[in-house]
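**Q** Taking this note's numbering, the leading residue of the sequence shown gets 36, the next gets one more, and so forth.
Note that beta-carbon positions come from the ideal geometry of N, C-alpha and C, so glycine has one too.
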Amino acid sequence: ESEKLLEKQRNIDSSAVAYPEDIPIAFEEGKGATVRDADGNTFIDMFGGIGVLNVGHANPYVLEAVHEQADKLVHTVDFPTEARLELIEKLDAIAPGDLQGNNRVVFGGPTGSDAIEAAIKLAKYNTGGDGLIAFRGAYHGMTSGALSLTSNTGAKSHYTPLLSDVVHAPYPNPFEQGKSAEEAVAHAIEEVTAIVEDPYSGLANPAGIFVEPIQGEGGVVTPPEGFLSGLRDIADDNGVPLIFDEIQSGFGRTGQWWAGEHEGVSPDIMTTAKALGGVGFPLSATIYREELDTWEAGDHAGTYRGHVVAMRAGSRAIEYIQQHDLLAHARDLGADIRARLKDVADGNSHLGEVRGRGLFIGAEFVDDNGDPDSAIVDSIQQYCYEHGVLVWTAGRHGNVLRLLPPLVLTHDLADTALDVVADAIEQVTT
Ligand code: PMP
36 ESEKLLEKQR
46 NIDSSAVAYP
56 EDIPIAFEEG
66 KGATVRDADG
76 NTFIDMFGGI
86 GVLNVGHANP
96 YVLEAVHEQA
106 DKLVHTVDFP
116 TEARLELIEK
126 LDAIAPGDLQ
136 GNNRVVFGGP
146 TGSDAIEAAI
156 KLAKYNTGGD
166 GLIAFRGAYH
176 GMTSGALSLT
186 SNTGAKSHYT
196 PLLSDVVHAP
206 YPNPFEQGKS
216 AEEAVAHAIE
226 EVTAIVEDPY
236 SGLANPAGIF
246 VEPIQGEGGV
256 VTPPEGFLSG
266 LRDIADDNGV
276 PLIFDEIQSG
286 FGRTGQWWAG
296 EHEGVSPDIM
306 TTAKALGGVG
316 FPLSATIYRE
326 ELDTWEAGDH
336 AGTYRGHVVA
346 MRAGSRAIEY
356 IQQHDLLAHA
366 RDLGADIRAR
376 LKDVADGNSH
386 LGEVRGRGLF
396 IGAEFVDDNG
406 DPDSAIVDSI
416 QQYCYEHGVL
426 VWTAGRHGNV
436 LRLLPPLVLT
446 HDLADTALDV
456 VADAIEQVTT
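(1) Specify, as a first and last residue, the run of the alpha helix (DSSP H) that Ala-270 falls within.
(2) Quick one: using the 10 Å Cβ neighbour count with 16 as the cut-off for buried, is Glu-64 buried or exposed?
(3) Does DSSP classify Gln-357 as helix, strand or coil?
(4) Given Glu-388, which residues of its chain have a CB within under 7 angstroms of its CB, disregarding the five upstream and five downstream residues?
(5) Would you call Ser-192 buried or exposed, if buried means 16 or more other Cβ atoms sit within 10 Å of its Cβ?
(6) Sort Arg-171, Thr-428 and Glu-461 by Cα distance to Asp-57 and report the nearest one.
(7) Once DSSP output is grouped into helix, strand and coil, what is the label at Gln-291?
(8) Quick one: measure Cβ to Cβ for Pro-207 and Pro-259, integer angstroms, because I've assumed they're closer than 8 angstroms.
(9) Between Ile-151 and ligand 1, is there a pair consisting of the residue's CB and a ligand heavy atom that are separated by less than 7 angstroms?
(10) Taking only three categories from DSSP, how would you classify Ile-58?
(11) What runs of the beta strand (DSSP E), each 3 residues or longer, lie entirely inside the region 342–394?
(12) Using a Cβ-Cβ distance cut-off of 8 angstroms, determine whether Lys-125 contacts chain C.
(13) Bridge partners for Pro-241 per DSSP, in chain order?
(14) Can you give me the C-alpha to C-alpha distance between Ile-282 and Asp-233, rounded to a whole angstrom?
(15) Start and end of the beta strand (DSSP E) containing Phe-114?
(16) What residues in its chain sit with their C-beta under 7 angstroms from that of Val-424, if we drop five residues either side in the sequence?
(17) With a threshold of 7 angstroms, establish whether the CB of Ala-308 neighbours any heavy atom of ligand 1.
(18) Given 7 angstroms as the limit, tell me if Gly-391 has its C-beta closer than that to any heavy atom belonging to ligand 1.
(19) So is the beta-carbon of Ile-282 under 7 angstroms away from any non-hydrogen atom of ligand 1?
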């Protein structure tokens with residue numbers, strides 16, 4: 036049945052849709068951290084809609100509010116609703132550091148890319164600049180502005196010109212760069228400093244520094260201590276806004292509400308989407324320091340800037356995470372999973388590095404020469420699928436196994452999934 040649906044979709048859907056050919060699955064039902072396919076097979080979901088389903092598929096606490104709201108009112112454009120004001124207040128209560136009690140929110144449309152577009156405009160408006168700094172390996176989305184900031188895709192070349200004044204600086208990745216953590220951070224910070232401070236080496240008019248506190252699509256690249264605080268200093272010294280893209284790393288994924296909090300650094304502007312919509316409703320938001328709220332009414336209009344049902348879902352998801360202390364759970368369970376993967380890595384020269392925070396986990400695979408090996412990861416993904424576990428991939432070279440399970444994943448279910456992942460690694464690499 037799955038195969039039939041996939042075949043039909045291939046025939047009638049856009050050629051822009053990318054299918055993981057190794058996991059021919061058609062989803063029929065999801066519950067918590069499991070999904071069932073059209074043939075009745077159940078899988079443990081270790082990728083959670085790429086970081087969307089933090090409170091689990093069909094979370095009943097969230098859905099109760101969704102049904103209630105949908106029965107009452109679905110759409111208002113930007114007219115006030117209880118749902119909208121409630122979510123703004125809840126986002127303030129969980130906002131990182133300096134942003135808490137000192138922020139405004141502009142809601143986006145359905146995708147994370149929308150939140151990035153708002154952040155680009157806001158940064159430009161406030162600085163009067165046009166130059167944007169992003170990082171190698173970055174992924175910020177596929178709309179034209181966001182795609183200008185994205186670096187890890189070959190798709191860009193067909194769609195130029197994009198925003199022209201964008202420079203991609205090195206993101207500290209000690210494993211890939213063969214540097215120590217200190218060297219990798221120092222190198223990245225030096226490069227960004229030069230780009231921001233010396234117009235001849237970078238941008239004449241810097242407007243913002245866009246960074247993922249942990250690179251997701253780039254391979255769950257987790258920067259060493261000192262990188263985010265170094266960027267904060269550069270931003271402060273030069274009056275350039277620091278923008279954290281928390282679309283994948285945020286909303287509890289890493290065991291803090293926002294990944295930047297692990298280093299105690301708060302941004303001037305922050306983007307969120309994905310898990311913000313509760314159980315998968317499309318919603319994004321750009322949260323920024325109140326002082327930056329200078330742009331004019333109508334500057335960033337849009338029909339779906341905040342969808343009432345999605346907003347209710349987002350508020351309930353925040354409550355659910357708080358009531359069940361899922362941040363602590365994500366920290367504990369994530370540490371267990373990483374420890375388990377590190378045990379596997381100890382005896383396996385192909386598993387180069389295990390990294391991440393909380394339930395945002397990456398395992399990088401290399402060939403006999405230590406070079407990136409995506410074939411290993413594809414085979415692991417397929418083996419896992421055949422044994423009832425869904426995992427995802429990442430990395431500039433496609434050689435990183437990525438786990439982003441719902442935060443409601445239990446220790447027992449995680450053990451079962453990790454047995455399969457460990458077997459898969461052994462089968463594929465030995
Ligand atoms: N930023 C980051 C960090 C992301 O991971 C993504 C999506 N993978 C985006 C932006 C774009 O979000 P969307 O696909 O919802 O447009």
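**A** With the structure as the only source:
(1) Membership of Ala-270 in the alpha helix (DSSP H) is indicated by the continuous run 262–273.
(2) Glu-64 sits exposed, since fewer than 16 C-beta atoms from the chains shown fall within 10 Å of its C-beta.
(3) Under the three-state reduction of DSSP output, Gln-357 falls in the helix class.
(4) Here the set comprises Phe-210 and Glu-399.
(5) With fewer than 16 other Cβ atoms from the protein chains shown falling within 10 Å of its own Cβ, Ser-192 counts as exposed.
(6) Measuring from the Cα of Asp-57, the nearest candidate turns out to be Thr-428.
(7) The DSSP-derived three-state label of Gln-291 is coil.
(8) By a beta-carbon distance limit of 8 angstroms, Pro-207 contacts Pro-259. Their separation comes to about 6 angstroms.
(9) Checking every heavy atom of ligand 1 against the Cβ of Ile-151, one is found closer than 7 angstroms.
(10) The three-state secondary structure of Ile-58, taken from DSSP, is coil.
(11) Counting whole runs of 3 or more residues, the region 342–394 contains the beta strand (DSSP E) stretches 386–392.
(12) Reference to chain C is not applicable here, since this structure consists of a single protein chain.
(13) Answer is Gly-166, bridged to Pro-241.
(14) Using only the alpha carbons, I get a separation of about 30 angstroms.
(15) Per DSSP, Phe-114 lies in no beta strand (DSSP E) and is assigned neither H nor E.
(16) Phe-78, Ile-79, Met-81, Ala-452, Val-455 and Val-456.
(17) Ala-308: yes, Cβ under 7 angstroms from ligand 1.
(18) Not under cutoff, so the answer is no.
(19) Ile-282 Cβ: within cutoff of ligand 1.
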